[in-house]
Amino acid sequence: MTKDVSESPHALVAFGANLPFQNQQPLETIKAAIEHFSFEKITVLACSAFYRTPCFPSGAGPDYINGCVKLEMKMESTAASILETLHRIEANFGRQRDQRWGGRSLDLDLLALGDQILPDLECYLCWQDLTLHQQKITAPSELILPHPRLHERSFVLVPLADIAPDWRHPVRKRSVVQMLGDLLPAEVGAVLAGKLID
154 MTKDVSESPH ALVAFGANLP FQNQQPLETI KAAIEHFSFE KITVLACSAF YRTPCFPSGA
214 GPDYINGCVK LEMKMESTAA SILETLHRIE ANFGRQRDQR WGGRSLDLDL LALGDQILPD
274 LECYLCWQDL TLHQQKITAP SELILPHPRL HERSFVLVPL ADIAPDWRHP VRKRSVVQML
334 GDLLPAEVGA VLAGKLID
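The sequence shown: position 30 = 183 (my numbering), numbered continuously.
Okay, structure coming up:
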């Protein structure tokens with residue numbers, strides 16, 4: 154009998170790395186981290202292509218390797234428990250959380266958990282509307298879902314379109330493909346040009 158994976162919550166997670174960990178280059182670290190999900194009893198339903206993208210903000214460090222995965226979570230998983238798992242995996246691969254937008258051996262961002270809006274719509278809208286300067290100096294004290302910047306970032310939306318093109322943003326009411334179409338073609342093209350053949 155085929156398991157109905159639609160009964161389990163699906164998480165969309167972005168990954169990135171631009172610093173070596175031990176003797177591994179960023180791409181190797183990311184692949185190892187994706188394999189590590191199985192040790193956490195998490196099933197990787199889909200993995201995007203890998204993309205080499207400039208560090209954000211521009212000039213802040215070496216290029217990143219970016220991508221996204223779609224995960225089938227345990228039935229009892231909550232957004233908080235998923236975030237805790239992601240942080241644990243990051244720590245296993247040398248992540249240090251001492252800088253808001255610094256270089257990283259591994260970065261795992263929970264982008265969305267189905268159509269959940271957390272902690273509530275008012276808080277989400279507050280974080281979505283921050284200026285770039287405010288984003289640099291302010292970090293939320295609680296998890297915000299969907300990720301309040303995902304609709305702005307080509308390095309997130311391009312790989313997300315590989316695995317969940319029809320996922321619909323519960324606040325913006327637009328699919329990944331539609332949000333990608335809202336970005337400047339040059340921004341999208343720059344990410345697509347960095348697609349790795351692996």
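Every residue gets a Cβ at the ideal spot worked out from N, C-alpha and C, and that includes glycine.
Item	Value
Within 10 Å of its beta-carbon, does ASN176 have 16 or more other beta-carbons around it, so buried, or fewer, so exposed?	exposed
DSSP three-state label for CYS221, please.	strand
Nearest chain B C-beta to LYS227 closer than 7 Å, yes or no?	Protein chain content of the structure displayed is limited to a single chain, and chain B is not contained in it.
Among residues of its own chain, excluding the 5 on either side of THR206, which ones have a beta-carbon nearer than 7 Å to its beta-carbon?	ASP216, TYR217, ASN219, PHE308, VAL344, GLY347
Under 7 Å, do LEU263 and ILE235 count as touching if we go by C-beta distance?	yes
Give a yes or no on contact between the segment 163-180 and the segment 259-275, applying the rule of three or more CB pairs nearer than 8 Å.	yes
Quick check on DSSP: helix, strand or coil for ARG248?	coil
If you scan the segment 270-310 from start to end, which runs of the beta strand (DSSP E) of 3 or more residues do you find wholly inside it?	none
Taking its Cβ as the centre, do 16 or more other Cβ atoms sit within 10 Å of ALA232, making it buried, or is it exposed?	buried
Given GLU243, which residues of its chain have a CB within under 6 Å of its CB, disregarding the five upstream and five downstream residues?	LEU259, LEU261
Expressed to the nearest angstrom, what Euclidean distance is found between the alpha-carbon atoms of ARG257 and ALA213?	11 Å
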